[in-house]
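Number of protein chains: 2
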Amino acid sequence: MQQAVAPAFKNCTDCPIRHRAVCAKCDSEELELLEDIKYYRSFSAGQPVMWAGDHMDFVASVVSGVATLTQTMEDGRTQMVGLLLPSDFVGRPGRGVAAYTVTATTDLTMCCFRRKPFEKMIDTTPHVAHRLLEMTLDELDAAREWMLVLGRKTAREKIASLLSIIARRDALLGSAPPGKELVFDLPLTREAMADYLGLTLETVSRQISALKRDGIISLSGKRKISIPDMDRLLTEAGDDSDGGYLT
Amino acid sequence: MQQAVAPAFKNCTDCPIRHRAVCAKCDSEELELLEDIKYYRSFSAGQPVMWAGDHMDFVASVVSGVATLTQTMEDGRTQMVGLLLPSDFVGRPGRGVAAYTVTATTDLTMCCFRRKPFEKMIDTTPHVAHRLLEMTLDELDAAREWMLVLGRKTAREKIASLLSIIARRDALLGSAPPGKELVFDLPLTREAMADYLGLTLETVSRQISALKRDGIISLSGKRKISIPDMDRLLTEAGDDSDGGYLT
DNA sequence: ATCGTTCCTTGACACAGATCAAAAAATGGA
DNA sequence: TCCATTTTTTGATCTGTGTCAAGGAACGAT
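This is the structure in structure tokens:
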């Protein structure tokens, strides 16, 4: 579970996954400090990384793969509150208890930093603290954008928003040419999508089928999505352009 | 709009509203700096403070009153993404454009800090930066808690969650004795509540009537709420303990 | 290959909350 | 005080999504 996979980069431009918290403006001095406190952990698809309430003595950055952050009520209702894609950060400095359940939804590698030394580094290197604030503010914006999705969008629009988010992040990392057809793997099961969108898995499945029937997306297998025209997905997702369910 | 109401406090323990960003661990040196860059602004109930996209050359802390942070889609659907109560902070250092529309829902006074000097202060006084990170992380937690409310709770539970949040904050500030009946003013219209909860105002009104009919809350006028037993509100809000709508 | 398991799709129906409509109550100005 | 406006309540009806159920497809283990 805890394998050393020391990568060979010395500054952030060489860092393929741009550990945003620590590499954004990194210099050799910090990296030397970080070398001492970091280690890598890998998880396989479906495996829990940690449970809400667990003791947590590290913070981490996603190197590869996808994980989810979820919250669950006593009666089992579950809401995903964050999606962790490569370069995303997880863990709260200054808090030794996990607030959310983290689950790997694909094979996952995280770069972990021991919490106490990481906190010390934040306190002593202002630009890292600054970068962490930036990242947290970005996450807050994302959470608020998601509140609009959850509170006011229809099921069809919710699916469109999720596909758009995944496609955008995928394009950033994989350097797909912009303006062209987007093709990517869905890193989530229908159930995980439902938990993100505040829907049931049946509704997710039906809406994906409807988008496919309307020619707005196409699927190869269950997980490979292709979107010929992202703008059309976003603008027409709300319309029932040809009557919807019954051809 | 921009009146000087210089209050007479010199450090955070004397500060009745605990400007959290800047007073949490304040010392005289900072306050002297802050005196130069701060000013007060007052708004009356219903008045817009700023629109999403506006140029914004300050950050601010709420002194008294309540404001909302909202996001609106082109077709007019609106979602509140934050509630600003006294001591809450608004504005993003490093960004000169407002991301959300801010509206005063009661008479409101904010303590504003000019953005550029405030940013400089962050960069030069680590504990202020640290405090700002803490606050942002708290807001992120609040946003994520709200995602659970929006995505997975019923209308009745949503109302209960909102009342609980307002009551808790109110109790903190007004120092109500815990465990006793909570009485407070609703600082929001039914429509604003609906925008927070992802409901329509009719549903909000009906659910409040239902809670009243079930004896879980009581109203004096339309806005003064009293909750004899907060636990009961939170645990029974989901139940239709006696059949619900029809007596 | 075959079995068991998990994931996904589809159908029928129910229901929570939305929508449309009207009236009552509160609020603020003249 | 009275009128105009805004806010709130309530009723009737509609609809999008949930629930329950069944079957199919993909995947991993033996």
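Going line by line, the protein sequences match chains A and B. The letter at position 90 of the first sequence is residue 78 when you use the working numbering, and the numbering goes up by one with no holes. The letter at position 98 of the second sequence is residue 86 when you use the working numbering, and the numbering goes up by one with no holes. A virtual CB, placed ideally from N, CA and C, is assigned to each residue, including glycine.
Worksheet item: How many angstroms separate the CA atom of B:Leu185 from the CA atom of B:Ala87?
Response: Near 20 Å, if we compare the C-alpha coordinates of B:Ala87 and B:Leu185.
Practice prompt. Can you tell me which of the three DSSP states B:Leu176 falls into?
Written response: The DSSP-derived three-state label of B:Leu176 is coil.
Discussion item. If we require 3 or more residues per run, which beta strand (DSSP E) segments fall completely within the region 87 to 167 of chain B?
Written reply: For the region 87 to 167 of chain B, whole beta strand (DSSP E) runs of length 3 or above, ordered along the chain, are 89 to 92 and 96 to 102.
Worksheet item: Of the residues A:Ile204, A:Leu170, A:Asp45 and A:Thr58, which one's Cα is nearest the Cα of B:Asp129?
Response: Minimum Cα-Cα distance from B:Asp129 among the listed residues A:Ile204, A:Leu170, A:Asp45 and A:Thr58 corresponds to A:Thr58.
Discussion item. Check this for me: beta carbons of B:Leu96 and B:Phe172, under 8 Å apart or not?
Written reply: Going by C-beta atoms, B:Leu96 is not nearer than 8 Å to B:Phe172.
Worksheet item: So which of B:Phe106, B:Met61, B:His118 and B:Ala131 has the shortest CA-CA distance to B:Ile153?
Response: Taking only the C-alpha atoms, the option nearest B:Ile153 is B:Ala131.
Discussion item. For a minimum of 3 consecutive residues, which ranges assigned as the beta strand (DSSP E) are wholly contained in the region 194 to 231 of chain A?
Written reply: List check, beta strand (DSSP E) in window: 206 to 208 and 212 to 215.
Worksheet item: Checking contacts by CB at 8 Å: is B:Ala117 closer than that to chain A?
Response: Yes - at least one Cβ of chain A is within 8 Å of the one on B:Ala117.
Fill in: B:Cys99 versus B:Pro216: straight-line alpha-carbon distance, rounded
Rounded to whole angstroms, B:Cys99 to B:Pro216 spans 35 Å at the Cα level.
Fill in: Beta carbon of B:Leu72 nearer than 8 Å to that of B:Val50
Yes, they are a contact pair.
Worksheet item: Are the beta-carbon atoms of A:Arg144 and B:Gln67 separated by less than 8 Å?
Response: By the CB criterion at 8 Å, A:Arg144 and B:Gln67 fall outside the cutoff.
Item to complete: Would you mind working out which of B:Met109, B:Met135 and B:Ser208 sits nearest A:Thr60, comparing C-alpha positions?
Response: For A:Thr60, the nearest C-alpha among the options comes from B:Met135.
Worksheet entry | Spatially closest choice to A:Leu176 from A:His118, A:Thr93, A:Gly41 and A:Glu107, by CA coordinates | That would be A:Thr93, whose Cα lies nearest to the Cα of A:Leu176.
Item to complete: Given a cut-off of 8 Å, decide if A:Leu121 and B:Ala48 are closer than it, judged by their beta-carbon atoms.
Response: No, they are not a contact pair.
Practice prompt. My understanding is that A:Ala55 touches A:Thr91, with C-beta atoms under 8 Å, so please give their C-beta distance in whole angstroms.
Written response: Indeed they touch by this definition, with Cβ atoms about 6 Å apart.
Worksheet item: Nearest-angstrom Cα distance between A:Gly34 and B:Pro36?
Response: A:Gly34 and B:Pro36: Cα-Cα distance of roughly 47 Å.
Fill in: Best match in B:Thr89, B:Asp63, B:Ala180 and B:Gly84 for proximity to B:Ile147 [C-alpha to C-alpha]
Looking from the CA of B:Ile147, the closest CA among B:Thr89, B:Asp63, B:Ala180 and B:Gly84 belongs to B:Ala180.
Worksheet item: Using the C-alpha atoms, what's the distance from B:Ser149 back to B:Val137?
Response: Taking the straight line joining both Cα atoms gives about 7 Å.
Item to complete: Work out the CA separation of A:Asp183 and B:Phe46 for me, nearest whole Å.
Response: Approximately 38 Å, taken between the alpha carbons.
Practice prompt. Quick one: measure Cβ to Cβ for A:Met44 and A:Val85, integer angstroms, because I've assumed they're closer than 8 Å.
Written response: Here A:Met44 really is in contact with A:Val85; their C-beta atoms are around 6 Å apart, less than 8 Å.
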